[in-house]
Ligand code: ADP
């Protein structure tokens with residue numbers, strides 16, 4: 094049977110009233126037995142009433158302390174959370190055993206909420222420190238080279254070299270801001286809008302062509318095995334997925350390696366695979382590759398900001414699809430994306 098807070102509160106008030114009544118009755122009985130002829134004074138009557146009220150009051154304090162103590166703890170914890178202490182929890186004490194189920198449920202939900210807030214806070218702080226780091230490093234580099242250019246006294250080759258670095262760092266910063274803005278906007282979305290009929294095979298071919306200078310420079314063997322498929326999706330979001338996956342495949346594959354892309358339709362979904370014969374990913378690193386700012390190579394020797402796969406994952410989630418990776422360090426990786434056919 095469901096417990097009812099108001100019934101329980103009424104019961105407590107009733108218990109206190111009955112106890113006060115009983116105490117008054119018992120004390121009157123004792124006094125009337127001591128003075129059978131009714132010769133007790135006005136002061137004695139007041140004392141009886143006073144003692145009963147005092148006893149009732151003490152009882153009320155004890156009961157409310159036991160029953161309502163968890164509620165007080167909850168109020169204190171709420172104030173702490175309001176002041177920004179997200180690690181604050183409502184302690185579960187012996188009083189909780191005698192308190193109302195409703196209050197205990199409220200406390201349990203409150204503690205879950207404070208856990209979630211603490212996690213979000215940690216995540217936010219992590220995000221800000223990663224973001225600041227990613228932004229600061231190229232800015233310091235730009236400043237240093239710009240200063241040298243400004244000071245003059247450089248050979249034409251040095252001038253060209255420094256300007257090239259400044260240009261590259263500026264391009265990196267611009268991509269970083271674009272990716273962050275896109276990721277933030279996607280995190281605030283729940284559904285995909287602006288869907289059109291997209292030719293998937295054509296889109297994959299275009300993405301591969303866009304990266305031609307990179308795979309040609311590495312002399313990679315490119316293989317595309319594409320079924321003719323059209324899918325009703327947001328064209329630019331889909332392109333982000335393929336661009337990032339193919340870009341990574343090319344980036345993480347040494348010279349003379351190979352990159353393969355395939356797409357096929359299954360009953361109610363499309364399956365796209367992007368595989369390479371590159372450096373692969375160590376088993377213990379795989380769970381982190383979709384995290385924001387995660388980069389396998391901490392030295393940043395490979396150009397990237399660690400947001401590519403986080404974006405891919407967010408887009409795939411929004412499209413209600415799945416992404417998985419099969420990889421062996423030193424042998425290569427395969428990313429498999431499955432998206433439902435949407436109407
Ligand atoms: P990045 O900007 O570093 O490419 P991503 O989010 O795209 O960031 O990828 C995160 C990390 O996952 C990469 O730094 C790399 O360690 C690993 N990774 C992604 N794709 C591949 C791949 N095809 N081969 C090997 N490692 C990969």
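Numbering (the working numbering), first residue to last: 94 to 436. For glycine and all other residues, C-beta sits at the position ideal for the given N, C-alpha and C.
According to the DSSP assignment, residue 344 belongs to the alpha helix (DSSP H) that extends over 328-344.
For a cut-off of 8 Å, the C-beta gap from residue 412 to residue 326 is around 6 Å, short enough to register as a contact. As DSSP reads the structure, residue 316 sits in a beta bridge with 353.
Taking a contact as a CB-CB distance under 8 Å, the pair residue 405 and residue 334 counts as one, their CB atoms being some 5 Å apart. For the 8 Å CB-CB criterion, residue 431 and residue 364 form a contact. DSSP places residue 179 outside both helix and strand once states are collapsed to three, so it counts as coil. By the neighbour-count definition (other C-beta atoms within 10 Å, threshold 16), residue 189 is a buried residue. For residue 325, the secondary structure class from DSSP, reduced to helix, strand or coil, is strand.
Taking a 10 Å sphere around the C-beta of residue 428, we find 16 or more other C-beta atoms and assign the residue as buried. Taking the Cβ of residue 345 as the reference point, at least one heavy atom of ligand 1 falls within a distance shorter than 7 Å. Contact between residue 414 and residue 341 does not hold, since the beta-carbon distance rounds to 18 Å and is not under 8 Å. The beta carbons of residue 145 and residue 113 sit closer together than 8 Å. Residue 388 has its Cβ nearer than 7 Å to a heavy atom of ligand 1. Residue 425 is not a Cβ neighbour of residue 366, given a cutoff of 8 Å. In the three-state reduction of the DSSP assignment, residue 420 falls in the strand class.
One thing to note: residue 383 has its Cβ no nearer than 8 Å to the Cβ of residue 358.
In its chain, beyond the 5 residues on either side, 294, 356, 357 and 358 have a beta carbon closer than 7 Å to the beta carbon of residue 320. The beta carbon of residue 103 sits closer than 6 Å to none of the beta carbons in its chain outside the five residues before and after it. Unbroken beta strand (DSSP E) runs of no fewer than 3 residues, entirely contained in the segment 221-287, are not found. Looking at 152, 147, 184 and 433, the one whose alpha-carbon comes closest to that of residue 164 is 184.
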